[in-house]
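Our numbering puts the first residue of the sequence shown at 1375, with every later residue one more than the last. Ideal placement from N, C-alpha and C gives every residue a C-beta, glycine not left out. Since the structure is predicted, the reported quantities are computational estimates derived from the model, not experimental observations. Quick notes on the structure that follows.
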Amino acid sequence: MTDDLPEDTTTDSPADEMPDEATDGATDGLTGSGGDRPRNTRVILIAAIVGVLVIAGVGIGLFLRGDSSKADDATAPKTRSTTLDDVKVTGAFGEKPTVTFKPAYVGTEETFKVISEGDGPVVTEGQRVTLDYVAYSGADGSELDSTYGQSPQSLTASHTSLTKALADALVGQHVGSRVMVAGDQTQAETAAWVIFVFDIRNAETIPTSASGTDQAPKSGFPTVTVENGVPKIAKPTGTAPTTLETEVLIKGDGPVVASGQTVTMQYTGIIWATGTEFDSSWGGDPVDFPIGTGQVISGFDEGLIGQTVGSRVVLIIPPDKGYGSTGNSQAGISGTDTLVFVVDILAAS
């Protein structure tokens, strides 16, 4: 998770995230950026924060929906490419493409272009998509980020959480397709476009909530009820544990979550002392966080590894495995606060 929740460093959701380490400064969500759950970073904890949203600072993160603040045109370099027809992409699907164009690329709108069409199933709205990508700076043509040769990126193909250009580039395309997107990095200090080429490796429809075998609640854990399909955590009573504690309310029959995987989830977090809910992904698309790689708070890393897909898990996370002695002021978390999360594990890859 990020410092406020589970999520990426380039968006505002757990993909608004948690600190990489428990002692990091206040952040959003599980990964550690400031503020409430980063709803745009996901692609981000991937960013994993795709940037949750996952991906590193740029990449998919810039295609998450968010506020825009364009830089002064006077800072922009001389335009030499203006449409995706000016960009040449070579290489086979599944291999890192070679992308060439004359900088600077400055488009008139965010758009996409299908480089090669696959013959797999059509991606539908809300599916979990796994892809490889490479991102280039439109300003100078330099490579910004790539997953080729590493772990692929997973995100939800949704017009709710992604920009229209990226959502359109995913929804309606076939698995096996290579697609190019031009994105305007509106949140950067200087005007800059990013050229993003990705290979759609897989698409799957995932459950909307945990599904499996009900388990008996453990003593000492707060009560979890379900309201309109959404898990809610009652205000805890008694003294908070000083160690990480886990409780499985629903045991899923899916694969075991392993370190290094990206986990798709829905979650809610509260503060033990007050019962205050400081973050929740419910009401929006599921979020994706890398687990076991130090990109979310350590209590999330440790508590989810070894659980099975389909499970609903409660985590009681003491300060040293949460936001540390600094807490997270933007989320209202002090350095002595113990946190409680209920997490529905929907997928892992």
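Hey, how far is the Cα of D1694 from the Cα of G1481?
In the sequence shown, residue 1694 corresponds to position 320, counting from 1. In the sequence shown, residue 1481 corresponds to position 107, counting from 1. Using only the alpha carbons, I get a separation of about 47 Å.
Should the segment 1469 to 1478 be regarded as contacting the segment 1492 to 1502, the criterion being three or more beta carbon pairs within less than 8 Å?
At 8 Å Cβ cutoff, the stretches do not touch.
Could you tell me the alpha carbon to alpha carbon distance between S1551 and I1665, rounded to whole angstroms?
In the sequence shown, residue 1551 corresponds to position 177, counting from 1. In the sequence shown, residue 1665 corresponds to position 291, counting from 1. When rounded, the separation of the alpha-carbon atoms in S1551 and I1665 is 28 Å.
Under the three-state DSSP convention, the category T1700 falls into
Within the sequence shown, residue 1700 is the residue found at index 326, counting from 1. Of the three classes helix, strand and coil, the one that applies to T1700 here is helix, per DSSP.
If you count every other CB in all the chains shown that lies within 10 Å of the CB of R1686, and 16 or more means buried, which is it?
As a first step, residue 1686 is located in the sequence shown; it is residue number 312 there, counting from the start. Buried, because 16 or more other Cβ atoms sit within 10 Å of the Cβ of R1686.
Here's a check: name, in chain order, each residue in its chain whose Cβ is nearer than 6 Å to the Cβ of A1531, leaving out the five neighbours to either side.
Counted from its first residue, the sequence shown places residue 1531 at position 157. The beta carbon of A1531 is closer than 6 Å to those of V1497, Q1501, V1503, L1544, V1545 in its chain, skipping five residues each way along the sequence.
Cβ contact check for the segment 1652 to 1659 and the segment 1670 to 1681: 3 or more pairs under 8 Å
Using a C-beta cut-off of 8 Å, the segment 1652 to 1659 makes no contact with the segment 1670 to 1681, since fewer than three inter-stretch Cβ pairs fall below that distance.
Proximity to Y1729 [Cα-Cα], best of A1466, T1534, A1566, D1711:
Residue coverage of the chain in this structure runs from 1375 to 1723, which leaves residue 1729 outside it and unanswerable.
Outcome for P1477 when other beta-carbon atoms lying within 10 angstroms are tallied against a minimum of 16
Counting from one through the sequence shown, the residue named residue 1477 turns up at place 103. P1477 is classed as buried because its beta carbon has at least 16 other beta carbons within 10 Å across all chains shown.
With C-beta atoms as the reference, is V1461 less than 8 Å away from I1569?
Residue 1461 sits at position 87 when you count from the first residue of the sequence shown. Residue 1569 sits at position 195 when you count from the first residue of the sequence shown. In this structure, V1461 places its C-beta atom within 8 Å of the C-beta atom of I1569.
Assign T1537 to buried or exposed, taking buried as 16 or more other Cβ atoms, counted over all protein chains shown, within 10 Å of its Cβ.
Working through the sequence shown from its first residue, we reach residue 1537 at position 163. Around the beta carbon of T1537, a 10 Å sphere encloses 16 or more other beta carbons of the protein chains shown; the residue is thus reported as buried.
Going straight from the alpha carbon of G1732 to that of V1463, what length do you get?
For residue 1732 there is no data in the structure shown, the boundaries of the chain being 1375 and 1723.
Which two residues bound the contiguous alpha helix (DSSP H) that contains K1538?
Locating residue 1538 in the sequence shown gives position 164, counting from the first residue. According to the DSSP assignment, K1538 belongs to the alpha helix (DSSP H) that extends over 1538 to 1544.
With C-beta atoms as the reference, is I1691 less than 8 Å away from T1667?
What you label residue 1691 is simply residue 317 of the sequence shown in a count that begins at 1. What you label residue 1667 is simply residue 293 of the sequence shown in a count that begins at 1. No, they are not a contact pair.
Which residue's Cα is closest to the Cα of E1484: T1650, P1526, D1514, D1542?
Residue numbering aside, residue 1484 sits at position 110 when the sequence shown is read from its first letter. Out of T1650, P1526, D1514, D1542, D1542 has the C-alpha closest to the C-alpha of E1484.
For E1601, name the three-state secondary structure that DSSP assigns.
Working through the sequence shown from its first residue, we reach residue 1601 at position 227. Strand.
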